[in-house]
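Input: a single structure, listed below in structure tokens.
Protein chains: 2
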Amino acid sequence: MIESLISNLRTRDALTAPDEDAVRDLFQHENRFRAGEDIVVQGSRPVNSTLLLEGLAARYRLLEDGKRQITVLHIGGDFVDLHAFILKQMDHGVIALTDCHTLAAPHRRLQAVTEENPHLTRMFWLLTLIDGSIHREWITAMGRREIKGHMAHLICEMFYRYRAVDLIEGQTFRFPITQAILADVMGVSTVHVNKTLQILRSDGLLIWKDGRVQIPDLQALETLAEFDPLYLHFQSESR
Amino acid sequence: MIESLISNLRTRDALTAPDEDAVRDLFQHENRFRAGEDIVVQGSRPVNSTLLLEGLAARYRLLEDGKRQITVLHIGGDFVDLHAFILKQMDHGVIALTDCHTLAAPHRRLQAVTEENPHLTRMFWLLTLIDGSIHREWITAMGRREIKGHMAHLICEMFYRYRAVDLIEGQTFRFPITQAILADVMGVSTVHVNKTLQILRSDGLLIWKDGRVQIPDLQALETLAEFDPLYLHFQSESR
DNA sequence: CGTGTCGTTGACAGGGTTCAAAGCACGTGG
DNA sequence: CCACGTGCTTTGAACCCTGTCAACGACACG
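In the order they appear, the protein sequences are chains A and B. Here the first sequence is numbered in full-length UniProt numbering, starting from 1 and rising by one per residue. Here the second sequence is numbered in full-length UniProt numbering, starting from 1 and rising by one per residue.
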């Protein structure tokens, strides 16, 4: 189950056997969350960081008028709040968008890793930096891409991220997200999401049914999105 | 000159004398960049990380049609590309918005810090995580705030960040940024930036002249912006 | 005094929001 | 087996926020 994290790390750099053991020793208890439940509450001070094993989760901020903005989506193999180990207090919440299965890594043990294993420390640092890269890409999409490109870009991102943890079957992946949630991701209205999806569908760029996304022509979708996967930093490097 | 970085760190956690020495030993040569010059080129593989001593810089992405989106602003005391130490390749550029004065920290030395000084490593990690927090806040502002609130939020952020490095005089700070650049920050048109500024000015929330921003009533501006400085993580904590 | 940069303004088009209602799939209970 | 409720998607219409275009003014500089 923890393999998705290992594979997330291995994609970016080799792990020694002791590294891998240290990763496995990190986790204590598991948890399950129902769709709609908060995994981490805004303002809280977690003592564990949460590895998502299965499910779809999101970091989000709420505004006073009830508007919600999602700032990143998390899939299996992602730490949803590794940054809290250093930041201490959550400046946003993390919600389970579908039923989620998680593992908890006590900050005490993460602390030990940073004291004893510099390489693994840098690898964990890396994971949080990739979150940052994704943030920047989203900012760019929200500010300067037309909505079709934004949507296409998001789909490409999820395709590559699911592929990295081996969850692509054919040109298809499970992506059980409602249009209302998608609207909170993209910062637009649900109506607009719906109409944009219809255009992408009628252009033959996307088939989206029963919580599954199929990409008939990845090349075409990437062109529309001006997608460059560099920002996901899948290259294996000595870090 | 390097004091702004020290103060940035000290705001967040105590530094021991050896920590501080290690910080000072990190830097090698200085550089100067003219306004408009790239400090770091997108796609490059820096071997140094750049500390901004003085000036205003920005991380940015360009789209094919020439549109630009700025993803974060940097002021004195910020590392503009500390993340490149771990990410290796730049997925965006960094540009000098005004004349900039910088110091270079060789990655070789940063590597040594991560091998020898776990606490300082976590402090540097922290700096990159705060960049991430700022990204999330910007995403929220772009997606779900009305433009007045977005602008107010940005001004509040810069006010708090300048204050942390002691660059607030009275209720005033130097912020020599054109409206066109501001448009690339907020992801809107220059015309719209101009009209929004006029509203804020006529509401008495902002005085902006000769590259200086004055905030007559910080409380009122924060209320409009729904500003909560938590995300800048100025609290001193044991990290 | 000409040139260039930046800020300001007005008119107009259109992209995107809001509101409201209808359609659809699915599970539940009678 | 059907009626009904629920959550999600789809549609249409009115409205307005925001972008584009184009021009002008203010100012610094050589």
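Heads up, the beta-carbon is just placed ideally off N, CA and C, and yes, glycines get one too. All figures in this text were calculated on a predicted structure; none of them were measured in a lab.
Closer than 8 Å to the CB of residue 89 of chain A there is at least one CB belonging to chain B. Residue range 190-202 is occupied by the alpha helix (DSSP H) that includes residue 195 of chain B. For residue 106 of chain B, the enclosing beta strand (DSSP E) covers residues 100-106. Neighbours of residue 126 of chain B in chain A, taken as residues whose beta carbon is under 8 Å from its own, are 86 and 87 in chain order.
Of all residues in the segment 112-142 of chain A, only 114, 115, 118, 121, 122, 125, 126, 128, 129, 131, 132, 133, 135, 136, 138, 139, 140 and 142 come within less than 7 Å of chain B when Cβ atoms are compared, listed by chain position.
Scanning the segment 199-237 of chain A from its first residue to its last, the whole alpha helix (DSSP H) runs of 4-plus residues come out as 218-225.
Shown here, residue 184 of chain A sits in a helix according to DSSP, grouped into three states. Below the 8 Å Cβ cutoff, chain B contributes 63 and 64 as neighbours of residue 226 of chain A, in chain order. Residues of chain A whose Cβ lies closer than 7 Å to the Cβ of residue 92 of chain B are, in chain order, 136. Residue 199 of chain A counts as exposed, since fewer than 16 other C-beta atoms from the protein chains shown sit within 10 angstroms of its C-beta.
Within the UniProt domain "HTH crp-type" (145-219) of chain B, the residues whose Cβ lies closer than 9 Å to some Cβ of chain A are 145, 149, 184, 185, 186, 187 and 188, listed in chain order. Contact of residue 28 of chain A with chain B is not assigned, every C-beta pair being separated by 8 Å or more.
In this chain, the alpha helix (DSSP H) harbouring residue 23 of chain B covers 17-25.
Classified as buried, residue 80 of chain A has 16 or more neighbouring CB atoms from the shown chains inside 10 Å of its CB. Assignment of residue 145 of chain B by DSSP, reduced to helix, strand and coil, places it in the coil class. Excluding sequence positions up to five before and after residue 207 of chain A, its CB lies within less than 6 Å of the CB of 214, all in the same chain and listed in chain order.
For the 8 Å CB-CB criterion, residue 22 of chain B and residue 117 of chain B form a contact. In the displayed model, residue 113 of chain A falls within a helix according to three-state DSSP. Setting aside the 5 residues that flank it on each side, residue 45 of chain A is surrounded in the same chain by 88 and 89, each with a C-beta closer than 7 Å to its C-beta; the list follows chain order.
In summary, residue 7 of chain B is exposed, with fewer than 16 beta-carbon neighbours lying within 10 Å of its beta-carbon over all protein chains present. Under the three-state reduction of DSSP output, residue 170 of chain B falls in the coil class, being neither helix nor strand. Here DSSP, grouped into helix, strand and coil, assigns residue 69 of chain A to strand. For residue 74 of chain A, the closest Cβ of chain B is not nearer than 8 Å. For residue 130 of chain B, the secondary structure class from DSSP, reduced to helix, strand or coil, is helix.
Beta-carbon to beta-carbon, residue 56 of chain B and residue 144 of chain A are separated by about 21 Å, too far to satisfy the 8 Å threshold.
Of the candidates A:224, A:236 and A:126, A:224 places its Cα closest to the Cα of residue 65 of chain B. According to the DSSP secondary-structure assignment, residue 49 of chain A is paired through a beta bridge with A:105. For residue 84 of chain A, the uninterrupted alpha helix (DSSP H) run begins and ends at 84-87, by DSSP. Neighbours of residue 239 of chain A across chain B, judged by C-beta separation under 8 Å: 86 and 88. Non-local beta-carbon contacts of residue 68 of chain A in its own chain, meaning distances under 6 Å to residues more than five positions away in sequence, involve 60, 62 and 184 in chain order. Shown here, residue 157 of chain B sits in a helix according to DSSP, grouped into three states.
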